[in-house]
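Structure, as structure tokens:
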Amino acid sequence: MKAALVCGAGGFIGSHLVKRLKREGFWVRGVDLKFPEFAETEADDFVIADLREPTNCRAIVDRRFDEVYQLAADMGGAGYVFTGIHDADIMHNSAMINLNILEACKNRNTKRVFYSSSACIYPQRNQLDPNAPVTREDSAYPADPDSDYGFEKLFSERLYLAYQRNYGMQVRVARYHNIFGPEGSWNDGREKAPAAMCRKVAETAAGGSIEMWGDGEQTRSFMYVDECLEATTRLTRSNFTGPVNIGSEEMVTINQLARMAMEIAGKDLTIEHIPGPLGVRGRNSHNDLYEKELGWRPSQKLIDGMRKTYPWIATQVEKARGRNFA
Ligand code: NAD
Numbered sequence: 072m073k074a075a076l077v078c079g080a081g082g083f084i085g086s087h088l089v090k091r092l093k094r095e096g097f098w099v100r101g102v103d104l105k106f107p108e109f110a111e112t113e114a115d116d117f118v119i120a121d122l123r124e125p126t127n128c129r130a131i132v133d134r135r136f137d138e139v140y141q142l143a144a145d146m147g148g149a150g151y152v153f154t155g156i157h158d159a160d161i162m163h164n165s166a167m168i169n170l171n172i173l174e175a176c177k178n179r180n181t182k183r184v185f186y187s188s189s190a191c192i193y194p195q196r197n198q199l200d201p202n203a204p205v206t207r208e209d210s211a212y213p214a215d216p217d218s219d220y221g222f223e224k225l226f227s228e229r230l231y232l233a234y235q236r237n238y239g240m241q242v243r244v245a246r247y248h249n250i251f252g253p254e255g256s257w258n259d260g261r262e263k264a265p266a267a268m269c270r271k272v273a274e275t276a277a278g279g280s281i282e283m284w285g286d287g288e289q290t291r292s293f294m295y296v297d298e299c300l301e302a303t304t305r306l307t308r309s310n311f312t313g314p315v316n317i318g319s320e321e322m323v324t325i326n327q328l329a330r331m332a333m334e335i336a337g338k339d340l341t342i343e344h345i346p347g348p349l350g351v352r353g354r355n356s357h358n359d360l361y362e363k364e365l366g367w368r369p370s371q372k373l374i375d376g377m378r379k380t381y382p383w384i385a386t387q388v389e390k391a392r393g394r395n396f397a
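Have a look at this one:
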């Protein structure tokens, strides 16, 4: 039986990945600071541990794993990453995790390790035009990410590639672009735009208004979590190292995203634009390299993913209301 280790298995993408690997027949160990918040984990073994501690990492990588997925990071949406107030923690915590996991994998002769980097590594100068952002993989240097979160990801990408070069490890590096879906952060300050828009729309009565940071004309693309897992497992099992983008190429403004949530909810709300942390003006995934190397391209429409995400968030909003009235 094949075995996989998922670091960050209590988080959004990690908990979905565990389910997928179980469906594929793997024996799965998950590790995180916490259990998944919204559903029971399906991991065969779930270890609560702090991966900033080298001894914990050595204890977790105590056997042969066919696939290791390193998704653990100190991260969140714009409200967490772009205010600057978490920068030291973000850089310190995530770098420690990556340093320790790689060393533990090297010591156990682990062959194949996937690392989730981010579109946040791309230089600010190429993302000023909301209609024509550049995120080709080879545009990453000279480096100038707009956050320290992005700088840590760039450092760790290089760390993984160096372990491959120097220690014969097989690493696979993906740059995720805004992954979304049910069972992710929706109201804890770490939520991203799709969850935030769904929550605001679900919380607001028809005819009311929702707040949005900035003018809403900044552009992004959003990939549904199932497609992200398809791209992630394909890359991990391929002969291509990366770094390579994993994201959707369907670019929308945040205003359009909010309108989508309203359309699904059947509510016509006004948008009140307020100052807030924003990130770059435009960003979209560029998938030519992935298709060239792996012969696959995502195809799911944003509206279809939003149709699966909105009801889940609306249910969370209802449950929270119930708790407040109880
Ligand atoms: P998430 O925050 O839901 O999951 C990360 C998990 O890491 C959390 O459960 C957290 O508890 C765990 N973690 C943090 N510090 C830890 C520690 N010291 N020891 C053990 N576990 C620890 O995030 P996600 O959305 O599932 O993202 C997974 C990965 O993908 C992250 O590395 C993230 O940077 C990257 N990424 C995600 C997106 C996205 O849109 N979701 C975009 C770009 C990159």
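Numbering follows the numbering used here, with no gaps: position 148 of the sequence shown is 219.
Don't be surprised by glycine CBs; every beta carbon is placed ideally from N, CA and C.
Looking at the structure shown, is residue i part of a helix, part of a strand, or coil, going by DSSP?
i           : result
residue 296 : helix
residue 306 : helix
residue 103 : strand
residue 362 : helix
residue 324 : strand
residue 277 : coil
residue 261 : coil
residue 367 : coil
residue 189 : strand
residue 163 : helix
residue 75  : strand
residue 84  : helix
residue 238 : helix
residue 205 : coil
residue 283 : strand
residue 144 : coil
residue 353 : strand
residue 120 : coil
residue 212 : coil
residue 251 : strand
residue 388 : helix
residue 246 : strand
With a cut-off of 8 Å on the beta carbons, I'd call residue i and residue j a contact; round off their distance for me.
i           : j           : result
residue 245 : residue 317 : 4 Å
residue 252 : residue 376 : 6 Å
residue 122 : residue 143 : 5 Å
residue 367 : residue 305 : 6 Å
residue 328 : residue 277 : The pair is not a contact, with the Cβ atoms about 19 Å apart (cut-off 8 Å).
residue 230 : residue 169 : 6 Å
residue 140 : residue 78  : 7 Å
residue 227 : residue 153 : Their Cβ separation, rounded to whole angstroms, is 19 Å, which puts residue 227 and residue 153 out of contact at 8 Å.
residue 358 : residue 298 : No, residue 358 and residue 298 are not in contact; Cβ-Cβ is about 11 Å, not under 8 Å.
residue 137 : residue 161 : About 30 Å; that fails the 8 Å criterion.
Does the distance from the C-beta atom of residue i to that of residue j stay below 8 Å?
i           : j           : result
residue 117 : residue 109 : no
residue 326 : residue 204 : no
residue 225 : residue 88  : no
residue 135 : residue 74  : yes
residue 99  : residue 93  : yes
residue 282 : residue 388 : no
residue 90  : residue 113 : yes
residue 307 : residue 235 : no
residue 147 : residue 261 : yes
residue 344 : residue 285 : yes
residue 287 : residue 335 : no
residue 187 : residue 221 : no
residue 270 : residue 374 : no
residue 254 : residue 97  : no
residue 309 : residue 365 : yes
residue 208 : residue 314 : yes
residue 185 : residue 303 : yes
residue 76  : residue 132 : yes
residue 272 : residue 338 : yes
residue 295 : residue 241 : no
So, does the region 286-300 touch the region 340-357, judging by three or more C-beta pairs under 8 Å?
yes
Counting beta carbon pairs with one atom in the region 145-162 and one in the region 173-185, are three or more of them shorter than 8 Å?
In short, these stretches do not touch, since the Cβ pair count stays below three.
Decide yes or no for the touch test of the region 207-218 against the region 186-199: beta carbon pairs closer than 8 Å, at least 3 of them.
yes
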